[in-house]
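Input: a single structure, listed below in structure tokens.
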Amino acid sequence: MAEIVSLADGVGRLVRDGDTVALEGFTHLIPHAAGREIIRQGRRDLTLVRMTPDIVYDQLIGAGCARKLVFSWGGNPGVGSLHRFRDAVQNGWPAPLEIEEHSHAGMANRYVAGASGLPFGVLRGYSGTDLPEHTDTIKQITCPFTGEQLAAVPALNPDVSIIHAQRADRRGNVQIWGLVGVQKEAVLAARRSLVTVEEVVDDLEPVPGQMMLPSWAVTYVAEAPHGAHPSYAQGYYDRDNDYYKEWDSIGRKRDSFEAWVRDTVFGGEVSGK
Amino acid sequence: MAEIVSLADGVGRLVRDGDTVALEGFTHLIPHAAGREIIRQGRRDLTLVRMTPDIVYDQLIGAGCARKLVFSWGGNPGVGSLHRFRDAVQNGWPAPLEIEEHSHAGMANRYVAGASGLPFGVLRGYSGTDLPEHTDTIKQITCPFTGEQLAAVPALNPDVSIIHAQRADRRGNVQIWGLVGVQKEAVLAARRSLVTVEEVVDDLEPVPGQMMLPSWAVTYVAEAPHGAHPSYAQGYYDRDNDYYKEWDSIGRKRDSFEAWVRDTVFGGEVSGK
Amino acid sequence: MTTPQQQPRAEWTPDHTSDEMMSIAAARALADGTRCFVGIGLPSTAANVARRTHAPDLVLIYESGTLGSKPDVLPSSIGDGILAETADAVIGVPEVFNYWLQPGRIDVGFLGAAQLDRFGNINTTVIGDDYADPAVRLPGAGGAPEIAASCREVFVVVRQSRRSFVEQVDFVTSVGHGRGRGDRERLGLRGAGPTLVITDLGIFRPDPDTRELVLSQLHPGVDVEQVREATGWELTVADDLSTTDAPTAAELSTLRTLKEASS
Amino acid sequence: MTTPQQQPRAEWTPDHTSDEMMSIAAARALADGTRCFVGIGLPSTAANVARRTHAPDLVLIYESGTLGSKPDVLPSSIGDGILAETADAVIGVPEVFNYWLQPGRIDVGFLGAAQLDRFGNINTTVIGDDYADPAVRLPGAGGAPEIAASCREVFVVVRQSRRSFVEQVDFVTSVGHGRGRGDRERLGLRGAGPTLVITDLGIFRPDPDTRELVLSQLHPGVDVEQVREATGWELTVADDLSTTDAPTAAELSTLRTLKEASS
């Protein structure tokens, strides 16, 4: 059964230096509050896993939490580049960043394999691209029935997965709706998990399109209202498109980024509105 | 885009002698009306695929439509045996029935592979059982990363899959809710598909737990009110448990079964209430 | 799984039948909070009794796609609407097996059997030596092979006779302990296998060394000789053989209420 | 995919910019009823113009998990709430790739590119020869490799320059026609690959024999020399080179209304 804790306790008890950590949320319900809490707690040497490292990982990478990034698309969606990610890859600032690069289909199937208790997943992918030359977690496998060659990718089983959801009840059952991305797979693939939620309620009214995570499949639940900002939480608030544009200038320079860490992460200010 | 047709036309245009046909529906939404229509149209030499061949396949097998059965559990749920199935396997009546036998996990993964355009699926399954000795569609595969041995099963890609759903709109978009079983996979794995529905409506109001099949993923939609009877259609009618018990006596003897075919399938009577 | 007619062949007290004792003993084996993968028939009855007595937080998982069902009547099939309507989550069948069963998230797999052998292997496929020409064609595997492989442990509930309790099953549908200790590990099966077999006569547990099923508990009013008569191999009796507590009035009334409501 | 600032570098008429011509030409390429896997940025703009003009039944599929989205404003990311709220079906990301893209259910994959080469191969990974120490780190693959592999055909929309239109991409993120005819078959790629490349200067199609991208259409006001200047390989011009129809007033107003509403 998931225990309901504070965000600081949830991150503090679950995320350790050197862990492999996945924060998931595909454009919707990105766990930004948890990301800032990891920076605040000064975690180091993390292997960060995420299909779409966008602002939340630009922040963690810039703050020096990461040693390695496992990903398939790293950008500021609708705006452009992630400057902290680029600075780490191109200049090793604030620390060198090892990368393990896949496609979305490959990453999704790695999570599926992880959630399924299988050591690998199979897909029609990567053929003819330059990715297998640089990513040693892409191999070939032969169909035992047809002889066809397909791609195999190893399961992802993060030490900790963190996602954001709309609601949980007091027993720790989690309810998510709208775009659900790869969140269920990320939680089920992980050894430990934290779900931050907009609110904890007495009863979860059914919602069309809902995905439920039973309490016993989750380690901790923490209330973090507005915890997906600047991304959005369907039914609660919209995407803050201006923030994504603003991040382009905050993240562009090291000093403006460091000021953001100082003022917003450690200054205790609430980011955004 | 799915075309909306009559049940007779849908079955008539899609199901041909010798086809591999899957009627799916896991205890809920079993396409019984379509099964009777296949008997009525006198199809022969079908390879019938279904995880849980229950009454609907007992009827098709007894009526002589089937040459082969691909399945994982053949019984009358909550009641006992399928007498027509037993008579075919044990005595070859009315025709010998070849069987290809899997577990539920294996069958589910065969549909998943079929729906995914992959030639095979991988699972932790069958190890130590006597099934691989008798079923040549179970092989071993080695994980290219860990060296672990796992089971591989070939994709199922029926010529035709038939399912029953609660509703479709006039464009042929299909809405199902409640237990959704393996129906999406069965339709997506098939070359052609027929969805029978309780009703065709102007607009599909969202329902919690719904699964949607877009019109362009389906070949034909046919209205067949009460088409899942004696199984149930959540939101429409309950399971007719008495019918399942009654079937035990109808199916037990060849002559009572033949009377049922004559009277209920060809006599035009509506079965059950 | 076949459901023979209930035959109260040993009514040793006027208070309960041997079938009732079996269901109640099986129910007691489920600790509160356990995540239990429930087969239909005897296992489902027992699990629902448990949830209404000592284990209100028992998590019932049915292969039809329900996690945490809380039915208020006994479902007559594993896909009854009541299971979906009262579940914490409803999911597709592939997800049940791939995301929930296969990774070892389920504590107890609760299975029935047509034949069970000395090492807890289960047959629900064919009776007879020839698969191609069986004496009796049974329903087949269903979810059982992977339930038996992947749940942390397996409880089997079965009516005991020389027909059902055999030296070696005619067909291994679901692996128990193979031919003895070490076989599960060799086969890569990750759960502990059958740790408890509950019958209408008593309770069996695998010997820690040999993994042979050993009579460890007698239901009230049953003696060892009766069990030996109904066992198709040379029965071993545990040194610390004990007797099952008779059903309490509360247990019996819960079971009977459930049964009545569903008939 | 990076989104360079819009630079109306060739306003040959007072009526429209070269970027507008590009978006409208791209929109026209989508036949009504087409199932289109839409990348964000230029492809999304074009697809939404098409749906509002000649192709009301265009089926928009976004990798964030929406089938049949009908947004009334331009989504600012592939996961905008408007895409889910207006979709025929909302599904998880693994399902998008496994059940819908991989089996070849999608007619057109609509992609952007940072670099595109003579054979339509796409680079969105790194600029420079050394992957480990890149001159410019780009966002990476996203869904593109499998979109390019599995859609029945691929349309690419890209602003053309010697920087983006190169002899050979620095990194093959997504395969176009490899190094020429037969390469896709050899690699087991089941879709036809890029059949259309729409730029701000004109339209390219692969030569049926060599699979080299050949200029087949010029946008109004552009001449071949301008295209040659902006092409990083020795340009081949189709014998039947034609000129794109200028945007209609309806097309332009649709595009501008969409753009305004989203800014």
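Chains as they are written, first to last, in the numbering used here: chain G, 13 to 285; chain B, 13 to 285; chain L, 99 to 361; chain R, 99 to 361. Glycine is no exception: its CB is placed at the ideal position from the N, C-alpha and C atoms. Bear in mind that the values here come from a model prediction, so they are computed numbers and not experimental data.
Am I right that residue i and residue j are in contact with their C-beta atoms under 8 Å? What's the rounded C-beta distance?
{"i": "glutamate 171 of chain B", "j": "threonine 32 of chain B", "result": "The question names glutamate, but residue 171 of chain B in the sequence shown is aspartate. Aspartate 171 of chain B to threonine 32 of chain B, Cβ: 5 Å. Contact."}
{"i": "arginine 288 of chain L", "j": "serine 248 of chain L", "result": "6 Å"}
{"i": "valine 199 of chain B", "j": "valine 165 of chain B", "result": "The pair is not a contact, with the Cβ atoms about 19 Å apart (cut-off 8 Å)."}
{"i": "leucine 128 of chain R", "j": "alanine 153 of chain R", "result": "5 Å"}
{"i": "alanine 123 of chain L", "j": "threonine 342 of chain L", "result": "6 Å"}
So the beta strand (DSSP E) residue i belongs to, where does it begin and stop?
{"i": "glycine 300 of chain R", "result": "300-304"}
{"i": "alanine 336 of chain R", "result": "335-341"}
{"i": "valine 82 of chain G", "result": "78-83"}
{"i": "leucine 294 of chain L", "result": "292-296"}
{"i": "serine 351 of chain L", "result": "Here serine 351 of chain L belongs to no beta strand (DSSP E); instead the alpha helix (DSSP H) covers 347-360."}
{"i": "proline 166 of chain B", "result": "161-166"}
Ends of the alpha helix (DSSP H) at residue i?
{"i": "leucine 311 of chain L", "result": "Element bounds for leucine 311 of chain L: not the alpha helix (DSSP H) but the beta strand (DSSP E), 311-316."}
{"i": "phenylalanine 253 of chain L", "result": "Segment 251-255 is the beta strand (DSSP E) holding phenylalanine 253 of chain L; no alpha helix (DSSP H) there."}
{"i": "alanine 34 of chain B", "result": "Looking at the DSSP string, alanine 34 of chain B is not in any alpha helix (DSSP H); the run it does join, the beta strand (DSSP E), is 32-35."}
{"i": "lysine 196 of chain B", "result": "195-201"}
{"i": "glutamine 71 of chain G", "result": "67-74"}
{"i": "phenylalanine 269 of chain G", "result": "266-272"}
Taking 7 Å as the threshold (C-beta atoms), are residue j and residue i in contact?
{"i": "phenylalanine 377 of chain R", "j": "glycine 330 of chain R", "result": "Residue coverage of chain R in this structure runs from 99 to 361, which leaves residue 377 of chain R outside it and unanswerable."}
{"i": "threonine 352 of chain R", "j": "arginine 150 of chain R", "result": "yes"}
{"i": "proline 318 of chain R", "j": "leucine 311 of chain R", "result": "no"}
{"i": "phenylalanine 302 of chain R", "j": "leucine 313 of chain R", "result": "yes"}
{"i": "aspartate 155 of chain L", "j": "glycine 131 of chain L", "result": "yes"}
{"i": "glycine 291 of chain R", "j": "glutamine 315 of chain R", "result": "no"}
{"i": "aspartate 70 of chain G", "j": "aspartate 29 of chain G", "result": "no"}
{"i": "aspartate 215 of chain R", "j": "valine 267 of chain R", "result": "yes"}
{"i": "phenylalanine 208 of chain L", "j": "proline 141 of chain L", "result": "yes"}
{"i": "arginine 122 of chain G", "j": "leucine 168 of chain G", "result": "yes"}
{"i": "isoleucine 175 of chain G", "j": "valine 207 of chain G", "result": "yes"}
{"i": "valine 188 of chain R", "j": "glycine 163 of chain R", "result": "yes"}
{"i": "glutamine 178 of chain G", "j": "methionine 224 of chain G", "result": "no"}
Step through the CB atoms of chain G and report whether any lies within less than 7 Å of the CB of residue i.
{"i": "isoleucine 153 of chain B", "result": "yes"}
{"i": "valine 220 of chain B", "result": "This sequence places proline at residue 220 of chain B; valine is not what is there. At least one chain G Cβ lies under 7 Å of proline 220 of chain B."}
{"i": "tyrosine 197 of chain L", "result": "yes"}
{"i": "proline 318 of chain R", "result": "no"}
{"i": "threonine 208 of chain B", "result": "no"}
{"i": "alanine 129 of chain L", "result": "no"}
{"i": "serine 121 of chain R", "result": "no"}
{"i": "proline 201 of chain L", "result": "yes"}
{"i": "aspartate 186 of chain L", "result": "yes"}
{"i": "leucine 158 of chain L", "result": "no"}
{"i": "glutamate 145 of chain B", "result": "no"}
{"i": "glycine 190 of chain L", "result": "no"}
Against chain R, with Cβ distances strictly below 7 Å, would residue i count as a contact?
{"i": "methionine 63 of chain B", "result": "no"}
{"i": "threonine 59 of chain G", "result": "no"}
{"i": "alanine 127 of chain B", "result": "yes"}
Taking 7 Å as the CB-CB limit, is residue i close to chain B?
{"i": "glutamine 103 of chain L", "result": "Caution is warranted here: a pLDDT of 43 is assigned to glutamine 103 of chain L, below 50, making its placement in the model unreliable, and no coordinate value can be reported."}
{"i": "proline 243 of chain L", "result": "yes"}
{"i": "alanine 144 of chain L", "result": "no"}
{"i": "proline 226 of chain G", "result": "no"}
{"i": "leucine 285 of chain R", "result": "no"}
Taking 7 Å as the CB-CB cut-off, is residue i touching chain L?
{"i": "glycine 86 of chain B", "result": "yes"}
{"i": "glutamate 113 of chain B", "result": "yes"}
{"i": "phenylalanine 278 of chain B", "result": "no"}
{"i": "lysine 265 of chain B", "result": "no"}
{"i": "asparagine 185 of chain B", "result": "no"}
Should the stretch 101-109 of chain B be regarded as contacting the stretch 167-182 of chain L, the criterion being three or more beta carbon pairs within less than 8 Å? no
Cβ contact check for the stretch 202-222 of chain L and the stretch 107-121 of chain B: 3 or more pairs under 8 Å: no
Is it the case that the stretch 192-202 of chain L contacts the stretch 122-142 of chain G, given that we only count it when at least three CB pairs across the two stretches are under 8 Å? yes
When the Cβ atoms of the stretch 143-163 of chain G are set against those of the stretch 182-200 of chain G, are three or more pairs found closer than 8 Å? no
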